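As numbered in the UniProt record's numbering, residues 1 to 859 make up the sequence shown, in order.
Have a look at the structure below, then the notes.
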Amino acid sequence: MVDLPAQRSAGGADDATGLRVEQLPGAVIAVDLDSRVVAWSPGAQELYGWTPDEAVGRSVRELIGLVPERADEVRAALHAGRGWAGEFHTRHRDGTPMLVWVSNGPVRDDDGRVVGVVGVSLDITSYASALTARAEQLQDARARAERLADRNARLVRISEALGASLDDDRIAAVVVAQAVDALRVDAGGVTVIDRGRLRVLAHVGYEPEVVATYESLPLEASTPLTDLLRAGAPMRTESRQELVDLYPHLPHSSLSESIACVPLEVEGRVLGVLVLSSVRPAAFDDDDLVFLLTLARQGAQAMERGRLLTAEREARRRISFLAMASARLAASLDFHQTIDAVAALAVPAAGDWCSVHLLDEQGAPQLVTVHHRDPELQDLLTELFVRYPPDPERGAGIGQAVGEQRTVHHRAFADAVVRAIARDDWHYDALRRLGLGSALVVPLQVVGRTIGVLTLTSEQQQRYTDADVELVEDLARRMATAVDNALRYRQERETALTLQRSLLPRALPELPGLTVAHRYLPGAAGAEVGGDWYDLVPLTRGRVGLVIGDVMGRGIAAAAVMGQLRAAVRACALVEDSPSAVLALVDAAMSSLGQTSLTTCLYGVLDPATGALQLASAGHLPPLVVHRDGGGQYVEIEPGPPLGVGAAPPPETAVHLPEGALLLLFTDGLVEGRAQPVEEGLLALRNAVAELGELEPSGLEQLCDTLLRSMGRDGRPDDDSALLAVLTGGEEPADAGAHLHLAGHLSEVARARRLAVQWAQRTGCDPDDAALLVTEVATNALRHGGPGVDLWVRRPPAGGLRVELIDGRSDALPQARTPELDAEGGRGLLIVGALARAWGTERLSAGKCVWFELEALPA
1 MVDLPAQRSA
11 GGADDATGLR
21 VEQLPGAVIA
31 VDLDSRVVAW
41 SPGAQELYGW
51 TPDEAVGRSV
61 RELIGLVPER
71 ADEVRAALHA
81 GRGWAGEFHT
91 RHRDGTPMLV
101 WVSNGPVRDD
111 DGRVVGVVGV
121 SLDITSYASA
131 LTARAEQLQD
141 ARARAERLAD
151 RNARLVRISE
161 ALGASLDDDR
171 IAAVVVAQAV
181 DALRVDAGGV
191 TVIDRGRLRV
201 LAHVGYEPEV
211 VATYESLPLE
221 ASTPLTDLLR
231 AGAPMRTESR
241 QELVDLYPHL
251 PHSSLSESIA
261 CVPLEVEGRV
271 LGVLVLSSVR
281 PAAFDDDDLV
291 FLLTLARQGA
301 QAMERGRLLT
311 AEREARRRIS
321 FLAMASARLA
331 ASLDFHQTID
341 AVAALAVPAA
351 GDWCSVHLLD
361 EQGAPQLVTV
371 HHRDPELQDL
381 LTELFVRYPP
391 DPERGAGIGQ
401 AVGEQRTVHH
411 RAFADAVVRA
421 IARDDWHYDA
431 LRRLGLGSAL
441 VVPLQVVGRT
451 IGVLTLTSEQ
461 QQRYTDADVE
471 LVEDLARRMA
481 TAVDNALRYR
491 QERETALTLQ
501 RSLLPRALPE
511 LPGLTVAHRY
521 LPGAAGAEVG
531 GDWYDLVPLT
541 RGRVGLVIGD
551 VMGRGIAAAA
561 VMGQLRAAVR
571 ACALVEDSPS
581 AVLALVDAAM
591 SSLGQTSLTT
601 CLYGVLDPAT
611 GALQLASAGH
621 LPPLVVHRDG
631 GGQYVEIEPG
641 PPLGVGAAPP
651 PETAVHLPEG
661 ALLLLFTDGL
671 VEGRAQPVEE
681 GLLALRNAVA
691 ELGELEPSGL
701 EQLCDTLLRS
711 MGRDGRPDDD
721 SALLAVLTGG
731 EEPADAGAHL
741 HLAGHLSEVA
751 RARRLAVQWA
761 QRTGCDPDDA
771 ALLVTEVATN
781 ALRHGGPGVD
791 LWVRRPPAGG
801 LRVELIDGRS
811 DALPQARTPE
821 LDAEGGRGLL
831 IVGALARAWG
841 TERLSAGKCV
851 WFELEALPA
């Protein structure tokens, strides 16, 4: 209801409007032109609280608090003859404010003049309040929707940013910055569990002393962060007092009037805590917690992904490191070389410096190698270990690892610990210069036995994780196995080499018309001793058996088989004249001995007087014949299967060696290597021989050395090598021997006796023994051997006299036997066996040979 300005007619009365409103519905009020109430309905009383008696005659402004600003608007409408309607704020009689809707209209007299105003009021307070509340709800909803949209968009951007990072610190910095900005708060931080303590990865706004306090507390302490880590549920406080009441023993940031903490959780595991602080009380609502939980989950997933990728990369690095270390350990059986290579690999991959000690026979650690990432500190580190060798009795570091047989993990060396370790001021200064932050001291163990210690040290404290410990322990196991294998191999190799050299001939016999040289070279330290051998076997009629062989296998077993085969070849060569037959007998002997090792062997019978050479090969490489002019060619020989197969005897090949020719017999180690196929090696050997020039007996030893150098076998060959060089045409000594052909009647025995006595005197033997024995053997040969007997006499390599009688019968070899007492004969071989140093029989390709040797008399 709005009043009008006073415009009363002369003589007008208060009831000039002539209205009767008590019967009208609603809050109806009528006023005259002086704004004085002339009518007040019961509805107006109900709305405004004034009774009609109290209201009539009073100014409407006094009753309902008319707003003057609306007067001009109402007056203009009435003067124009229009009504006016609108809302305005008023009050009840008791002072309660109200919002009412008023519709006013002019009251006219009969002449059409405006004499007053009548208005109807409607209480719209509740409706307006509802509209306001709705508008506020809509505004809040719009603001929340905008806020949520912004946060969702922010989460998408955050996800992209986190996806590009694998570093925990970087992820935490992104999470903190976005959380603080999105919630418009004053401080925030991300804290994780690191090696049993809290570590603040990133923070904004918090005082340094507050951060330091939280990082110094153990996980068992009661703090907002540790409690949340244990509970795994978000928390918030409404006021600073609430925070102080919960944790009175902690310093709190001045920015923490209220806080919110949410876990960084992934797959049920809490990695850390996101905490935010605001100077506003109760600053965090449920939407904020939902956003923070989502953001924290994103951060946790990014950290987990980064850790998994980092762990995978670390696993690949560890696998690669162990693979490279294993390759270096397996590269050589020289453990000093391999340990040094692995120690160099470990720096800086696994530490800033590394040392390896092996225990000596007394259990004292002996330095094998040291490496430092700084070359300038390498000499200092070496000097430190030389001046202060580890003391097993000190019970720390190397001594502790050896004594307790376990890994010693020094997580952090405080200065006091370094001073306790140092034995004097120089030692202390050296340790500080080297950088002693943390260390792993791992025993090298084989089957529970400690053989050494591997030490890895870092300048950084807390450098080594549990995964690093596993890596270094794995490396130590591999290193220990490699060292143990190398030591075992060295022992076995030395044993096998000693055995093999003891089974090889220490010196070859000097034979008339021949110059002989030989070489045996074991393989490099990483190669096992093989079964290569050579031999020279003196035979009847001045001939010589040439042997070269190779047992397929390595180690002591191969050397032992080689010794058996060498003896077998020598024995068979004395009973068989044919090289093919000799190899067949050796093959049969191998079978009877139960030997299954395959063996290649080349055996030849050379007659120095004629140059005739008979050869047979059991799978062996052919010999090389070199003429005086240096030209060489391999003997075209058809090899049979290796010995041990049980095949047919190999075919024989006949070769003539001219005077001054060189015959080279060798094993495959001379011509074959890892980088050299055997065909290339054979060609290289022939080319090397062609460059030697004229061959002289006096230069045969040097020739062998030159060949070995040319073939690259003078250093560290891959395989064992054996070489037998035989040069024909040497000057025969005056006592080289004599030959006598006996006709087929007993009168020739006298001639044989005279020759034997003559040579007995020349060689210092008993002439009577020589006469008696040659008489017995020659008589037997002439009686039973058929027409024609050949007598050979010579000085054997061992000195004394050798007598050989060869006849044409080979059907039966004579045997020594005890005759009947009344028998006239049959005692000849008994007499030979009693007087001779050695005697024997040999079946030849055409006939047989009976021989004996006499010892020279003492001077």
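Where is the CB? At the ideal position from N, CA and C, for every residue including glycine.
These figures come from a predicted structure and were not determined experimentally.
DSSP puts residue i in a beta bridge; with which residues?
{"i": "residue 121", "result": "27, 102"}
{"i": "residue 804", "result": "792, 851"}
{"i": "residue 147", "result": "BP columns for residue 147 are empty, so no partner."}
{"i": "residue 842", "result": "849"}
{"i": "residue 745", "result": "BP columns for residue 745 are empty, so no partner."}
{"i": "residue 190", "result": "202, 274"}
{"i": "residue 36", "result": "59"}
Measuring straight from C-alpha to C-alpha, what distance separates residue i and residue j?
{"i": "residue 33", "j": "residue 127", "result": "32 angstroms"}
{"i": "residue 469", "j": "residue 441", "result": "10 angstroms"}
{"i": "residue 409", "j": "residue 472", "result": "11 angstroms"}
{"i": "residue 484", "j": "residue 446", "result": "7 angstroms"}
{"i": "residue 155", "j": "residue 300", "result": "13 angstroms"}
{"i": "residue 644", "j": "residue 560", "result": "15 angstroms"}
{"i": "residue 824", "j": "residue 844", "result": "Note that residue 824 has pLDDT 48, beneath the 50 cutoff, so the model's placement of it is unreliable and the number below is only indicative. So the alpha carbons of these two residues sit roughly 29 angstroms apart."}
{"i": "residue 379", "j": "residue 348", "result": "17 angstroms"}
{"i": "residue 41", "j": "residue 101", "result": "16 angstroms"}
{"i": "residue 850", "j": "residue 839", "result": "8 angstroms"}
{"i": "residue 660", "j": "residue 514", "result": "9 angstroms"}
{"i": "residue 597", "j": "residue 646", "result": "12 angstroms"}
{"i": "residue 676", "j": "residue 413", "result": "55 angstroms"}
{"i": "residue 121", "j": "residue 28", "result": "7 angstroms"}
{"i": "residue 859", "j": "residue 562", "result": "39 angstroms"}
{"i": "residue 726", "j": "residue 680", "result": "24 angstroms"}
{"i": "residue 487", "j": "residue 339", "result": "13 angstroms"}
{"i": "residue 525", "j": "residue 343", "result": "At residue 525 the pLDDT is 49, less than 50, meaning the model places this residue with poor confidence and gives no usable figure here."}
For the candidate residues the options, whose alpha-carbon lies nearest to that of residue i?
{"i": "residue 534", "options": "794, 541, 551, 540", "result": "551"}
{"i": "residue 266", "options": "291, 275, 305", "result": "305"}
{"i": "residue 397", "options": "353, 386, 443", "result": "443"}
{"i": "residue 662", "options": "789, 773, 518", "result": "518"}
{"i": "residue 813", "options": "841, 801, 836, 834", "result": "841"}
{"i": "residue 770", "options": "784, 115, 751", "result": "751"}
{"i": "residue 509", "options": "148, 798, 411, 547", "result": "798"}
{"i": "residue 691", "options": "711, 160, 178", "result": "711"}
{"i": "residue 119", "options": "113, 107, 112", "result": "107"}
{"i": "residue 64", "options": "193, 72, 89", "result": "89"}
{"i": "residue 124", "options": "109, 138, 87", "result": "87"}
{"i": "residue 657", "options": "696, 615, 701, 611", "result": "611"}
{"i": "residue 664", "options": "694, 673, 704", "result": "704"}
{"i": "residue 521", "options": "387, 411, 722, 434", "result": "722"}
Rounded to whole angstroms, how far is the Cβ of residue i from the Cβ of residue j, which I believe are closer than 8 angstroms?
{"i": "residue 655", "j": "residue 613", "result": "4 angstroms"}
{"i": "residue 224", "j": "residue 275", "result": "7 angstroms"}
{"i": "residue 236", "j": "residue 252", "result": "Not confirmed; about 15 angstroms, so no contact."}
{"i": "residue 542", "j": "residue 512", "result": "7 angstroms"}
{"i": "residue 202", "j": "residue 173", "result": "4 angstroms"}
{"i": "residue 399", "j": "residue 391", "result": "6 angstroms"}
{"i": "residue 573", "j": "residue 531", "result": "Actually they are not in contact, since the Cβ atoms of residue 573 and residue 531 sit about 19 angstroms apart, beyond 8 angstroms."}
{"i": "residue 651", "j": "residue 619", "result": "Going by Cβ atoms, the distance from residue 651 to residue 619 rounds to 13 angstroms, so no, they are not a contact pair."}
{"i": "residue 728", "j": "residue 608", "result": "6 angstroms"}
{"i": "residue 868", "j": "residue 302", "result": "Nothing about residue 868 can be reported from this structure: the residues present for the chain run from 1 to 859 only."}
{"i": "residue 835", "j": "residue 773", "result": "6 angstroms"}
{"i": "residue 247", "j": "residue 222", "result": "7 angstroms"}
{"i": "residue 763", "j": "residue 800", "result": "6 angstroms"}
Can at least three beta-carbon pairs, one atom from the stretch 355–364 and one from the stretch 437–455, be found at a separation below 8 angstroms?
-> Remark: three or more beta-carbon pairs, one from each stretch, lie closer than 8 angstroms, so the stretch 355–364 and the stretch 437–455 are flagged as touching.
Check whether the stretch 798–805 touches the stretch 773–781, counting contact only when three or more Cβ pairs, one atom from each stretch, lie closer than 8 angstroms.
-> Three or more Cβ pairs closer than 8 angstroms define a contact, and the stretch 798–805 meets that threshold against the stretch 773–781.
At least 3 beta-carbon pairs within less than 8 angstroms: the stretch 245–260 vs the stretch 272–285 = Counting C-beta pairs closer than 8 angstroms gives three or more between the stretch 245–260 and the stretch 272–285, which meets the contact rule.
The stretch 203–211 contacting the stretch 177–187, beta-carbon criterion three pairs below 8 angstroms = With contact defined as three or more Cβ pairs closer than 8 angstroms, the stretch 203–211 and the stretch 177–187 are in contact.
Is the stretch 829–836 touching the stretch 786–801 in the sense that three or more CB pairs, one from each, lie closer than 8 angstroms?
-> Contact between the stretch 786–801 and the stretch 829–836 is absent, because fewer than three Cβ pairs lie under 8 angstroms.
The stretch 680–699 touching the stretch 621–629, judged by at least three CB pairs closer than 8 angstroms = Because the criterion of three Cβ pairs below 8 angstroms is met, the stretch 680–699 and the stretch 621–629 touch.
Examine the Cβ distances between the stretch 574–586 and the stretch 597–616 and report whether three or more of them are shorter than 8 angstroms.
-> Enough Cβ pairs lie closer than 8 angstroms, so yes.
Given 8 angstroms as the limit, is there contact between the stretch 431–440 and the stretch 460–468, that is, 3 or more CB pairs closer than that?
-> Output reads yes: the stretch 460–468 touches the stretch 431–440.
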